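Taking it in order: structure first as structure tokens, then the write-up.
Numbering (my numbering), first residue to last: 796 to 861.
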């Protein structure tokens, strides 16, 4: 008999049941809006501001090796 486990799609944590994995997925915030602030080389966004359901805004900056 195969051993079954379930993974949270957001954090990839393994859980013992589908319900546990689903509950974990629902506990993670998902951004309600994404605002691109700056582009590098005109292709991909370099800086983003994400707004979450609780109203908090978080700025993300991509760090390159150069």
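Cβ atoms here follow ideal geometry from the backbone N, Cα and C, with glycine treated the same way.
Keep in mind it's a predicted model, so treat the numbers as computed, not measured.
Cα separation between residue i and residue j?
i	j	result
residue 845	residue 800	32 angstroms
residue 832	residue 841	8 angstroms
residue 835	residue 811	43 angstroms
residue 805	residue 818	11 angstroms
residue 822	residue 798	25 angstroms
residue 820	residue 827	16 angstroms
Could you say which of the options lies nearest to residue i if we only look at CA atoms?
i	options	result
residue 830	803, 855 and 849	855
residue 824	802, 843 and 848	848
residue 839	857, 851 and 796	857
- Item | Residue ranges of each alpha helix (DSSP H) within the region 796-860, 4 or longer | 813-822
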